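Beneath this line is the structure, given in structure tokens, with notes to follow.
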Amino acid sequence: MAQGLNPPVIQSPMSSLLADIALPLPLDREFTYLVPPELEPYAAVGSHAVVPFGTKTLTGVIVRRPTSTTVRSLKPVRDILDATPAYADELLRLTHWMAEYYFAPWGEVLKAAAPHGLLQDSKRIVRLVAPDVDNVLASLKSSARSQKAVLQALARRPEFSIARLQKTTRVRSIHAVVHELAKRGWVEIMERFARPALKPKFEKVVLLADSSPDAASLTPKQQKLITTLRALHDDGVSAERILKEAGVSLSILNALSRKGFVRIERREVIRAPVSEFEEPLPPITLNAHQANALASIEHALRAGRYKTFLLHGVTGSGKTQVYIEAIKKTLDAGKRAVVLVPEISLTPQTVRRFKTHFGEQIAVMHSRLSAGERYDTWRLAHEGRVGIVIGPRSAILAPLRNIGLIVVDEEHESSYKQFDATPRYHARDVAIVRAMHNHAAVILGSATPSVESYYNALVGKYELLELPERVDNARMPRTEIINMADERRRVFEELKKASREGMKPFPKRIPLSTISEPLRREIAKRIAKNEGTILLLNRRGFSHVMECLDCGRVEKCDNCEVTLTLHTTKRHLRCHYCGFVKAPPTACPSCGGIDVRLHAFGTQQVEEELKTLLPNATVLRMDLDTTGRKGAHDRMLQQFGRGEVDILLGTQMVAKGLDFPHVTLVGVISADTQMLLPDFRASERTFQLLTQVAGRAGRAKLTGEVVIQTHQPQHYSLKHVVSHDFPGFYREELEYRKELDYPPFSRIVLVEFRGERENEVQHHIKKFSEYLVQLHAEKHSLLLGPADAAIPKIRNRYRKHLILKNLKSYDPAGQRLRSTLLDAQKLYAASPLARNKRVQMIIDVDPVGMM
């Protein structure tokens, strides 16, 4: 696809035989291909196409059908995968906007919207062809270690993919080595394209025929199968099930089919996660605040125009019921709805509640579904066979058509922002843009809205709807702050007194419990009354710091600049960033000392302490270590909901959206884990997390109580948590944001460079910073850095940050910022630095974390 300086415009002999295709590559452009006449009827815009690209075969998306091109030597499309276009025009426009706004290649955005496993590319396979590999190995010089390693691996297994071969041999320059071996005729390199394995699933279904058989004409086994089928018959029973229930063989079923007494049909099976329906709820009468909120939303739905609502309601105020009633109005109008929830752990509970109202009109989308389940739910949405899609952030890209309403529950949650892969989009903001394209309404719901959303509501960009009271006259929980410094002094005095009385020697280190005495007493009261307790500690593992008190050495990850976390269940130290694992030392590797201190405790340590303090209590720990298996979240929550467990202990996944009437106590083990992070949103996140977890208590007739442990009792976010005063917190936080030009008064772009050699990373980011200054970015933005990231090394890659604060007072729509960044990207791409592929540049627009 080489292009001259002034290439002539080439008219296709048949203008329709051209296609611009976006490929899932880190390249900010599309590629033009020829469409063979036999594929022309299927090559619609929005369809997946299989095309050659260099030495590979890739799956891309047709985004345009141009009538002319300046590109010479066009390659032909090899295949079209879709019977009907996978992407409607509206979804193409949305993904194109995402690509532009988030500085992401359009092909990679479209890939994020496709069902997992549908898009595949070819693999390069290396195959051994040398007739006598032993002689070849003997002929190689001792310096050809890499070539020997590759040939030895192929001698054990004659075929490898390039990636697998590199992993097996650990040869860094694997491509150069393989090409040299191929040149000598010892191996051959092939390209193998695997067709997508995803396809609809079918099963055989058995039905009773119209004619009733005479019992005398049937054998006993045939009669048993007919009797069993009558007992189970609804709209057909799977052949596998009827044979198992009746205890007969397939030959019996086939005999009945030949006689015409049963019919065997082939039916599609929808692979979907099993979800239990909740008991049907009695009709709910909305209170005055809920009814007013619904009336405003219904007015926008009837008008068929775009509008964003911020539904601000205290915890337990009935926001979900407002969502449900609004969705009913949407479906009645013949339109469809998307519901976003912040966590996969919340999805089963949300789905059960929604299925009580909407039955099989719901499709669930999230990353923990199997590939088949994801493909089937994607098809249900694409084919219009469901009216509602529920899921975490990726569900905003569901292929629903005619969307009338989008709900973003807990809109403040940082999990709506994708931070570790391209495109780095924020699902809340994408939801608003998608609603604009569909002339739909958006409901952003939260008890603790983000500062940006609340500001947009107060200035009139969104319409603010308030739910200031809990439903059923439930009272807000009483909140108590425990100063852990006072708790430490109390323990100190008790130990001094015991030492004076000769009871025991005074210890070198004061053993401070993770559970304060007031919190322990309150938990014991709940256990005695058979009421539930939720404990929050937003840090998993046993201890996050293992420190030698003799020399001060701290156990750190070999690949990252972070401390290792001790996990006692597996008896190892683990890095939560790269997964590095090692055994805890029995003595300090630096000085040989054995006086090791564990501090910065995690959920495992709290679990162990609860078992000691409250031996009769049953504790369920819920964190990433215990919820890795499919369905584990839902099983744990159901177990706790049934009252089989006294205490639910967990990380932030226990703070959101859970509704258990028997929970009357919430304890926060340490409010400081979030509060002291080096991030301008640390106070906001602390307030949100504590308010949300406090809202799990006293959601029914039983009075709730919240106990928060901290070493920072005077912090302003805690003051407003105690008084349940979001407006007060917002005003104080906004003053701080305005003084330092943080959002909502600016937009932030984080530019990160990362690589294995620190000096190279530093050189690249310094040069990019110079390009921005050269382009006068400082006129509309504040440039901060370059500087080390808060965590300067992860997975053996050094990280440097450059932050742009784009001032909305000078650049309201951010057009100048975007233009400057694009120009800087072009200068960087044209410089010799761009040829160094060891350094990666990432642009993160509107980051929610600055670590």
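Under the working numbering, the letters of the sequence shown match residues 11 to 861, in that order. Virtual Cβ for every residue (Gly too), placed ideally from N, Cα, C. On a predicted model such as this, the values are computed, not experimentally measured, just so you know.
*Are there 16 or more other CB atoms within 10 angstroms of the CB of Ala-256, so buried, or fewer, so exposed?*
Counting Cβ neighbours within 10 Å, Ala-256 comes out buried, since at least 16 surround it.
*Apart from the five residues just before and just after Ala-373, which ones in its own chain have a Cβ nearer than 6 Å to its Cβ?*
Taken in chain order, the residues that qualify are Thr-387, Leu-390, Ala-391, Val-396 and Val-399.
*Do Val-717 and Glu-527 have their C-beta atoms closer together than 7 Å?*
Between Val-717 and Glu-527, the CB-CB gap reaches or exceeds 7 Å.
*Determine the DSSP secondary structure at Ile-453, reduced to helix, strand or coil.*
Assignment of Ile-453 by DSSP, reduced to helix, strand and coil, places it in the strand class.
_Check whether the segment 449 to 456 and the segment 273 to 282 are in contact - that is, three or more C-beta pairs closer than 8 Å._
Short answer: they don't touch.
_Cross-strand partners of Glu-169 (DSSP beta bridge)_ = DSSP output for Glu-169 lists Arg-137 as bridge partner(s).
*Return the chain-ordered list of same chain residues with a C-beta closer than 6 Å to the C-beta of Gln-873, the five sequence neighbours on each side being excluded.*
An answer regarding residue 873 cannot be provided, because it is not within the stretch 11 to 861 covered by the chain.
*CA-CA distance, Arg-167 and Thr-683?*
One Cα belongs to Arg-167, the other to Thr-683, and the distance between them is close to 50 Å.
*asked:* Considering only their Cβ atoms, is the gap separating Gly-714 from Arg-848 smaller than 7 Å?
replied: Arg-848 is not a Cβ neighbour of Gly-714, given a cutoff of 7 Å.
*Three-state secondary structure (DSSP) at Gln-662?*
Here Gln-662 sits in helix by DSSP.
*Going by C-alpha distance, which of Ala-381, Gln-157 and Gly-344 is nearest Asn-412?*
When each option's Cα is compared against that of Asn-412, the closest is Gly-344.
*Where Gly-117 sits in the DSSP three-state scheme*: Note: Gly-117 maps to helix in three-state DSSP.
_Coarse secondary structure for Glu-473, derived from DSSP in three states_ = Glu-473: strand per DSSP, three-state reduction.
*Is Ser-380 helix, strand or coil when you go by DSSP?*
Of the three classes helix, strand and coil, the one that applies to Ser-380 here is coil, per DSSP.
*Coarse secondary structure for Lys-317, derived from DSSP in three states*: Three-state DSSP puts Lys-317 in a strand.
*For Pro-594, which of Cys-601, Thr-613 and Leu-574 has the nearest alpha-carbon?*
Minimum Cα distance to Pro-594 is reached at Leu-574.
*How far does the alpha helix (DSSP H) with Val-783 in it reach, from first residue to last?*
Segment 768 to 784, the alpha helix (DSSP H) holding Val-783.
*State the DSSP-derived secondary structure class of Ser-153, mapped to helix, strand or coil.*
Coil at Ser-153, not helix or strand.
*When you compare each of Leu-659, Ile-442 and Leu-235 to Phe-319 by their alpha carbons, which one comes out closest?*
Of the listed residues, the one whose Cα sits closest to Phe-319 is Ile-442.
_By the three-class DSSP mapping on this structure, what secondary structure does Glu-250 have?_
In the three-state DSSP reduction, Glu-250 falls in the helix class (H, G or I).
*Paired residues, beta bridge with His-811 - DSSP*: According to DSSP, which records beta bridges pairwise, His-811 is partnered with Glu-762 and Ala-797.
*How would you label Arg-182, buried or exposed, when you count the other beta carbons within 10 angstroms and need 16 or more for buried?*
With fewer than 16 other Cβ atoms within 10 Å, it is exposed.
*Figure out for me which residue from Pro-753, Ser-693, Ala-707 and Leu-699 has the closest Cα to the Cα of Gln-724.*
Per the C-alpha coordinates, the member of Pro-753, Ser-693, Ala-707 and Leu-699 positioned closest to Gln-724 is Ser-693.
*Can you name the residues that DSSP bridges to Asn-816?*
Its beta-bridge partners are Arg-757 and Ser-791.
_Sub-7 Å separation of Ser-57 and Asp-92 beta-carbons_ = Yes; because the gap between Cβ atoms is below 7 Å, this pair is in contact.
_Cβ-based neighbour list, Glu-743, same chain, cut-off 7 Å, excluding 5 preceding and 5 following_ = Here the set comprises Val-461, Ser-693 and Glu-694.
*His-299 (DSSP reduced to helix, strand or coil)*: Looking at His-299 - three-state DSSP - the assignment turns out to be helix.
_Simplified DSSP state of Glu-308, which is helix, strand or coil_ = Assignment of Glu-308 by DSSP, reduced to helix, strand and coil, places it in the helix class.
*Continuous beta strand (DSSP E) stretch holding Met-851: start and end*: For Met-851, the enclosing beta strand (DSSP E) covers residues 850 to 855.
*Tell me, to the nearest whole angstrom, how far the beta carbon of Met-663 is from that of Leu-760; I am working on the premise that it is less than 8 Å.*
In fact, because the Cβ distance is near 26 Å, the residues do not count as touching under 8 Å.
*asked:* Rounded to the nearest angstrom, what separates Arg-363 and Ser-463 at their Cα positions?
replied: Going by the C-alpha atoms only, they are around 27 Å apart.
*Compute the beta-carbon to beta-carbon distance between Ala-53 and Trp-116, rounded to the nearest angstrom, for a pair I have assumed lies under 8 Å.*
Actually they do not touch by this definition, with Cβ atoms about 18 Å apart.
*Have a look at Lys-177 and Lys-789 and give me their C-alpha separation to the nearest angstrom.*
Approximately 48 Å, taken between the alpha carbons.
_Check whether the segment 472 to 489 and the segment 314 to 331 touch, using three or more Cβ-Cβ pairs below 8 Å as the test._
Touching, per the Cβ criterion.
*Does the Cβ of Arg-767 have 16 or more other Cβ atoms within 10 Å, making it buried, or fewer, making it exposed?*
An exposed status is given to Arg-767, since fewer than 16 other beta-carbon atoms sit within 10 Å of its beta-carbon.
_Checking 7 Å against the spacing of the C-beta atoms, do Lys-231 and Val-272 come in under that value?_
Going by beta carbons, Lys-231 and Val-272 fall outside the 7 Å limit.
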